[in-house]
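Beneath this line is the structure, given in structure tokens, with notes to follow.
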Amino acid sequence: QVESFSGESQDDYLRDTVSHKCDVEGLCHEYRSNLYRNKRYVDYPTNSKKCVLPCTALSVVKILESCPSCYDKSKPIGRHMEGQTVTIINRSEIVGRPLAAMLANDGADVYSVDIDSIYLFRGGRLYACDGETPESCVRKSSVVVTGVPTKAYRLPSEWIQPNTTVVNVASFKNVSEEEILQIPGVTYIPMVGKVTVAMLERNLMRLFYNFHHPERQLEERKKRESDAALRPSPWFGNALQVYTAIAATAILAMSLARRK
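Residue numbering for the sequence shown follows the numbering used here, starting at 38 and increasing by one per position.
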């Protein structure tokens, strides 16, 4: 990422300049902060407009929802992955960190592995894991997500346990397909690109419904008019009238002062 004068990356600056009403990628400040605070709606307390979520991370969630034994929809919202341990080998602001937060918000214990650190996302909190290694995290996980953007990286297949779900998010293959498919019960998803495009279209439709649908705009206009009607009217009509009155008073005062 290219650093900007303000100290934050230029990518962050550009993402945050996008209005939340037009952000199909779901990475502007409002959607990011809502995700990390596990706020699922943008219009509390009405709760009629769901937040937009980052496309690639959301695609992984939707894939896991369709895989056996990953999500338990019989449990309440926020506990669908309760009891599951996940390892994500990537902590970028685009994929790894949002995905870790989303899975932790659904009840999972998520190990976030980066090049120089390992953190545990659990229940809306972040814990440093000084005693853990990438191998120990992967060996205890029922779900492993790889997103290392380099051709040289390979996740050792012997770390993956039977009945594990493995998702490759990177454009390069971070695992040996032939080896992991020999492990009993492994479910392997080699790419997420097409699902990511579908989630982008989903976000577009959600933004249209939340902010741009004619019926929604009519509702917003009626609400603004109703709120305006409930506000007490000022003693003056508008700012121009106030300015005119002040100017006329000043001119009159100057005229009287000259006559004296």
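Positions of the beta carbon are idealized from the N, C-alpha and C atoms, including for glycine.
Proximity winner among the options, relative to residue i (alpha-carbon distances)
{"i": "Glu-215", "options": "Glu-195, Thr-233 and Val-232", "result": "Glu-195"}
{"i": "Gly-115", "options": "Arg-268, Ser-129 and Gly-144", "result": "Gly-144"}
{"i": "Thr-233", "options": "Thr-224, Tyr-280 and Ser-208", "result": "Ser-208"}
{"i": "Leu-192", "options": "Leu-267, Arg-261 and Ile-125", "result": "Ile-125"}
{"i": "Gly-120", "options": "Leu-277, Leu-244 and Ser-106", "result": "Ser-106"}
{"i": "Pro-246", "options": "Ala-235, Ser-103 and Lys-87", "result": "Correcting the residue type first, residue 246 is Tyr in the shown sequence and not Pro. Measuring from the Cα of Tyr-246, the nearest candidate turns out to be Lys-87."}
{"i": "Val-150", "options": "Val-203, Ala-235, Thr-170 and Tyr-50", "result": "Thr-170"}
Residues near residue i by beta carbon distance below 8 Å, same chain, minus five either side
{"i": "Ile-220", "result": "Ser-194, Ile-197, Gln-198, Pro-199 and Thr-201"}
{"i": "Lys-259", "result": "none"}
{"i": "Thr-162", "result": "According to the sequence shown, residue 162 is Arg rather than Thr. Nothing listed; no residue qualifies."}
Identified DSSP bridge partners for residue i
{"i": "Leu-159", "result": "Sequence check: residue 159 is Arg here, not Leu. For Arg-159, which the question treats as bridged, DSSP gives the partners Arg-162."}
{"i": "Lys-87", "result": "Tyr-78"}
{"i": "Ile-226", "result": "Val-204"}
{"i": "Val-25", "result": "Here the chain covers residues 38 to 297 and nothing more, so residue 25 does not appear."}
{"i": "Ser-96", "result": "Ser-96 is not bridged to any residue."}
{"i": "Ser-70", "result": "Answer is none; Ser-70 lacks a bridge partner."}
Anticipated Cβ contact below 8 Å, residue i with residue j, distance rounded
{"i": "Ile-152", "j": "Cys-174", "result": "That pair is no contact at about 14 Å."}
{"i": "Leu-157", "j": "Asp-167", "result": "Rounded, the Cβ-Cβ distance is 11 Å, inconsistent with contact."}
{"i": "Val-206", "j": "Asn-142", "result": "Their Cβ separation, rounded to whole angstroms, is 19 Å, which puts Val-206 and Asn-142 out of contact at 8 Å."}
{"i": "Ile-100", "j": "Ile-226", "result": "6 Å"}
Spatial neighbours of residue i in its chain, beta-carbon cut-off 7 Å, leaving aside the 5 residues before and after
{"i": "Asn-240", "result": "Val-61, Gly-63, Val-89 and Cys-92"}
{"i": "Lys-177", "result": "Thr-122"}
{"i": "Val-185", "result": "Ile-126, Asn-127, Ala-207 and Asn-211"}
{"i": "Tyr-280", "result": "none"}
Start and end residues, beta strand (DSSP E) containing residue i
{"i": "Asp-146", "result": "146-150"}
{"i": "Val-204", "result": "202-205"}
{"i": "Ile-131", "result": "Note, Ile-131: premise wrong, no beta strand (DSSP E); not H, not E."}
{"i": "Tyr-108", "result": "Note, Tyr-108: premise wrong, no beta strand (DSSP E); not H, not E."}
Cβ-heavy atom distance, residue i to the ligand MG, below 7 Å
{"i": "Tyr-108", "result": "In terms of ligand content, the structure shown is empty, and the ligand MG therefore cannot be addressed."}
Spatial neighbours of residue i in its chain, beta-carbon cut-off 6 Å, leaving aside the 5 residues before and after
{"i": "Tyr-73", "result": "Ala-138"}
{"i": "Asp-109", "result": "His-117"}
{"i": "Gln-254", "result": "none"}
{"i": "Glu-67", "result": "His-57"}
{"i": "Phe-223", "result": "Residue identity check: residue 223 is Val in the sequence provided, not Phe. For Val-223, where only same-chain residues beyond five positions count, the Cβ hits under 6 Å are Thr-201 and Ile-217."}
Extent of the continuous alpha helix (DSSP H) run through residue i
{"i": "Thr-286", "result": "276-296"}
{"i": "Glu-256", "result": "251-267"}
{"i": "Tyr-190", "result": "From DSSP, Tyr-190 is part of no alpha helix (DSSP H); its letter is neither H nor E."}
Short CB-CB distance (under 8 Å) between residue i and chain B
{"i": "Cys-59", "result": "Here chain B cannot be found, since the structure has a single protein chain."}
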